[in-house]
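Enquirer: Dropping the structure in here first, questions after.
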Amino acid sequence: MTQHAPLIIDIAGTSLNKADRRRLKHPLTGGLILFARNWQDRAQLAALCEDIKSVRSDLLICVDHEGGRVQRFRTDGFTHLPPMSALGELWFKDQAGVPGSGAMAATNAATACGYVLAAELRACGVDFSFT
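Under our numbering, think of the first position of the sequence shown as 400, with each following residue one higher.
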C-alpha cells in the first residue's frame, strides 16, 4: 500500500507538551481523541481544544462520549446521558411508530440526547463524538 491515511492520536495529559505539539503538526495526523484523563473541568477542556486548534486548525477533536458508562466528561455542567442501549430497549417496547409509541419515544429521546451531547461538546471545542 503506497497511500497513507490520516491518524487520530491521543495525548497523555490535560495540556499539550512539546512532543504532543510535534506529533500534531505531522502531516499524517488528522485529529486527536480525548479521554477522561484529558479532563479536569470545562474551562480546562475548552483551553485544551483551543490550544490544539492553534497548532493546526484543521485537526478533528474527537471523544467517545455516548452516555452511560462511556461518558468521558461527567461533571462541571455536563448532562448525565443514558446509555444508548436504554433507547434501544425503549424502541423495542413498541415499534409501531405512532405518537405515544416506544418507537416515537425512543426517537424523541435520541434526538434530545444527540442535541444535548453535541451542544455541550461544541461549546468546549470538541468537533466529533463516536456515539
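All C-beta atoms, glycine included, are put in the ideal place defined by N, C-alpha and C.
#1: Which whole-angstrom value is the C-beta distance of leucine 433 and arginine 455, which I expect to be below 8 Å?
#2: Can you grab the Cα-Cα spacing for the pair isoleucine 407 / glycine 487, in whole Å?
#3: Where does arginine 471 land, buried or exposed, given buried means 16+ other C-beta within 10 angstroms?
#4: For phenylalanine 477, which residues of its own chain have a beta-carbon under 7 Å away from its beta-carbon, when the five flanking residues on both sides are left out?
#5: Cβ atoms of leucine 427 and alanine 461: under 8 Å apart, would you say?
#6: Taking only three categories from DSSP, how would you classify threonine 474?
Expert: In short:
#1: Rounded, the Cβ-Cβ distance is 16 Å, inconsistent with contact.
#2: 29 Å
#3: Of the other Cβ atoms in all chains shown, 16 or more fall within 10 Å of the Cβ of arginine 471; this residue is therefore buried.
#4: Glu519
#5: Checking the sequence, you will find cysteine at residue 461 rather than alanine. Cβ atoms of cysteine 461 and leucine 427: not closer than 8 Å.
#6: Looking at threonine 474 - three-state DSSP - the assignment turns out to be coil, as it is neither helix nor strand.
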